[in-house]
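Following: one structure in structure tokens, then a few remarks.
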Amino acid sequence: MSETARRTGNVGCCISVPKGPISGALHTNLIEMAVHMQSLPPKSFEVANIAYKNALAEVERVAELEQQFNGELPQTA
């Protein structure tokens, strides 16, 4: 597997596109970040990829909060 193929496989996996205004904007920014990550040297890419995956988890959390706020999900304590 080429370096580019490996990198492409690591970035942007496993998340649905958020529908809320805030989570959607955050997701769009992360897609742009992923594109720029492709030009990083391998070690820097690995660090950026960890940060990227953590940021994706936060986008999902924001999307859940948006759904709760809009009454689409039951609120938790």
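Its first residue numbered 1, the sequence shown is counted upward by one per residue in full-length UniProt numbering. We treat Cβ as the ideally placed atom computed from N, Cα and C, and that holds for glycine. In this text the structure is predicted, and so the values were computed from the model without any measurement.
- Taking every protein chain shown into account, the CB of P18 has 16 or more other CB atoms within 10 angstroms, so this residue is buried.
- Taken through DSSP and simplified to helix, strand or coil, S44 comes out as helix.
- Shown here, P18 sits in coil according to DSSP, grouped into three states, outside any helix or strand.
- At the C-beta level, S23 and E72 stay beyond 8 angstroms of one another.
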